[in-house]
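UniProt numbering puts the first residue of the sequence shown at 1, with every later residue one more than the last. Quick reminder that beta carbons are idealized off the backbone N, C-alpha and C, glycines included. Working notes, beginning with the structure itself.
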Amino acid sequence: MANSPQAKKRARQNDRRFQINKARRSRIRTYLRKVEEAIASGDKDAAAAALKAAQPELMRGVTKGIFHKNTASRKMSRLSARVKALG
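Listed below in structure tokens is the structure:
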């Protein structure tokens with residue numbers, strides 16, 4: 001357990017950041033799930049719209065330090081390829 005005032009403050013800050021990052025990560029996963037569901041249903045228009053909505057959320061996660069840039073790019077690339085393949 002943290003004993004010094006500085007360590008106690010860091011523990012409080014870490015907990016606060018954890019809650020914020022957890023909410024952001026959950027929000028991004030929801031957007032990605034909507035894309036997955038649209039792809040599974042076979043609706044290309046809905047999938048494209050969901051992908052367009054998910055992209056800025058995913059990239060915002062990169063700028064906030066939740067995801068690595070390459071991870072987000074890889075997810076976007078794979079999802080867009082799957083949407084394109086719906087035809």
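| Item | Value |
| --- | --- |
| Three-way DSSP call (helix, strand, coil) for asparagine 3 in this model | coil |
| Glycine 61 and arginine 24 closer than 8 Å at C-beta | yes |
| Endpoints, alpha helix (DSSP H) assigned at lysine 75 | 69–86 |
| Among Ile28, Arg29, Ala81 and Asn70, the one whose alpha carbon lies nearest that of alanine 48 | Ala81 |
| CA-to-CA distance, serine 4 to isoleucine 28, given in whole angstroms | 36 Å |
| Reduced DSSP secondary structure (H/G/I, E/B, other) of lysine 64 | coil |
| Residues near alanine 38 by beta carbon distance below 7 Å, same chain, minus five either side | Ala46, Ala47 and Ala50 |
| Cα-Cα separation between glutamate 36 and valine 83, rounded to whole angstroms | 9 Å |
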